[in-house]
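First the structure, in the form of structure tokens, and then the observations on it.
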Amino acid sequence: MLSQDFELMKPWCALQPYQDMTRPLTNYFISTSHNTYLFNSQVMGDSNREAYNRVLRAGCRAVELDCYDGENGQPIVKHAYTLIVQKRLGDLFVYLQNVPFREYEYAKANYVCYHSPNVAENHFGRAVRDEPACVVQQTAKTLCRLYPSGIRQDSSNPDPILPWNFGVQMVALNFQKYDKIMALCHGKFSDNGGCGYVLKPNYLIDASRAKFNPFDHQTKPSDFSENVFEQPQTLIITIMSAQFLPRSSSKANDVPDPYVEVSTHGIPCDQQAQRTCVVHNNGLNPIWKETFRFHIDFPQICLVLFTVYDHDVLSKNDRLAYFCLPMKTMQTGFRHMRLRSKDNGLTDSTLFVHVEIEGYEEEDDCVTRL
């Protein structure tokens, strides 16, 4: 049961690229780093080339360089107007030119193939509220990049789910921050062999025909596709047990009191969370046998996140380990998943679950096992 054949994620999705890799870059979600050269906060720390090695090995495929004129005309990489240590930059190839994020008709008339609309998270939030359909059309035609707000001096990350729902290809995240957001990022890009490129669903590629709007609760995949695997589905997960859970870094001598939270992340109506009860003083082999049901309208862009917490009545519950993957890559039946630590490192911990995925037709109230 611990072999690769019994893992939760389909092996052919995890081991090598299986999607069409000959499409234009606008057709893919791309794993993207913000201020790649930083190891710590946005204000203090080193500008270190080893940071590039770290994020590239983590599957990142779009990195950021801030280049300025240095001594003797040599370019340097630094973070402007802060105390970040400067580093010289040798050979440099610029593939994309950042341009302001403008309304769709302006971008269509004035931007060319190497222009990449660059937008802050707060500006993007206003844009999708005002003209959601136009944003989807723009991301179908241009390579867009969203970056964290300037007030995030602690290197915290914006939630990437909203821009991904609207087809933004490059959601720049602080890879040096080990938070729940990075768990979602690692989960999304574990698909397609972990190559850092994930093909967008057709309704985000052919946006002019599909007219997809993530905020419209009346929208269904059947409006755009007849593929049964793209239709609404019911995800049934039974959390059976866990094995060899790590201890909290803040309470190394304390036996954990674990519980599991299962959350789904997609369009607004698909965002749900349920949790098990707490098993006291057992990090070796806690048993739950609790079943949760999730109705998912758009499984093609839904992520499923399993998080194991250490319950504490006096302080914040510590996150012990997690596992995240796209719903479309899940195998059914009894499965083991190898949990990852907070910094995305592999652990010896596993979570044992049972998974069912049911499709249905609302008109006939008929349920079909997929």
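Positions -19 to 350 (the working numbering) are the ones given, in order, by the sequence shown.
Here a beta-carbon is modelled for each residue, glycine too, at the ideal position from N, C-alpha and C.
All values derive from a computational prediction rather than experimental measurement.
- Following the DSSP letters along the chain, one finds P306 inside the beta strand (DSSP E) bounded by residues 298 to 306.
- Residue pairing by DSSP places F272 opposite I217 in a beta bridge.
- Scanning its chain for C-beta atoms nearer than 8 Å, with the 5 sequence neighbours on each side dropped, one finds around F303 the residues L(-12), G167, L285, F286, M317, R318, L319, R320, L331, in chain order.
- According to the DSSP assignment, M150 belongs to the beta strand (DSSP E) that extends over 150 to 153.
- The region 255 to 271 makes no contact with the region 194 to 208; the number of CB pairs closer than 8 Å stays below 3.
- Counting other Cβ atoms within 10 Å of its Cβ, I131 stays below 16 and is therefore classed as exposed.
- Within its own chain, the residues whose Cβ lies closer than 8 Å to the Cβ of A100, once the five positions on either side in sequence are excluded, are L126, Y127, P128, S129, G130, listed in chain order.
- When beta bridges are read from the DSSP output, F332 appears opposite S221, H316.
- Annotation for E241: the continuous beta strand (DSSP E) segment containing it runs 238 to 245.
- Here E(-13) is bridged, per DSSP, to H316.
- Beta-bridge partners of Y177 (DSSP): I10.
- In the three-state reduction of the DSSP assignment, P140 falls in the coil class, being assigned neither a helical nor a strand state.
- Boundaries of the alpha helix (DSSP H) around T119: 112 to 121.
- Relative to the Cα of I276, the nearest Cα in the group R109, C249, Q(-16), L300 belongs to C249.
- Apart from the 5 residues on each side of it in sequence, E336 sits with its Cβ closer than 7 Å to the Cβ of I216, T312 in its chain, given in chain order.
- Approximately 42 Å separates the beta-carbon atoms of A120 and P226; this is outside 8 Å, ruling out the contact.
- Within the same chain, S11, G39, G176, V178 come within 7 Å of F169 by CB-CB distance, once the 5 residues on both sides are set aside.
- Within the same chain, G147 come within 6 Å of L184 by CB-CB distance, once the 5 residues on both sides are set aside.
- In the DSSP assignment, A38 falls outside any beta strand (DSSP E) and carries neither an H nor an E.
- Going by DSSP, Y86 is part of the alpha helix (DSSP H) stretching over 84 to 90.
- Between the alpha carbons of S135 and D323 lies a gap of roughly 15 Å.
- Classified as buried, P236 has 16 or more neighbouring CB atoms from the shown chains inside 10 Å of its CB.
- Under the three-state reduction of DSSP output, C47 falls in the strand class.
- Leaving aside the five residues that flank C282 on each side, the residues in its chain whose CB is nearer than 6 Å to its CB run, in chain order, T244, G246, D250, I276, M307.
- By DSSP's assignment, S188 forms no beta bridge with any residue.
- If you draw a straight line from the Cα of V116 to the Cα of Y91, it is about 16 Å long.
- For the options V288, V240, D298, the alpha carbon positioned closest to that of K231 is the one of D298.
- Taking each of L45, P238, A89 in turn and checking the Cα distance to S13, the smallest one comes out for L45.
- In this structure C124 is buried. Its beta-carbon is surrounded by 16 or more other beta-carbon atoms within 10 angstroms.
- Look at Q133 here: in three-state DSSP terms it is coil, with no helix or strand label.
- Assignment of R125 by DSSP, reduced to helix, strand and coil, places it in the strand class.
- Nearest to K(-10) by alpha-carbon distance, out of D171, P80, V258, P143, is D171.
- Here V284 carries a strand assignment [DSSP, helix/strand/coil].
- At least 7 Å separates the beta-carbon of Q213 from that of G50.
- P194 counts as buried, since no fewer than 16 other beta carbons sit within 10 angstroms of its beta carbon.
- Counting along the chain, the unbroken alpha helix (DSSP H) around H166 starts and ends at 160 to 168.
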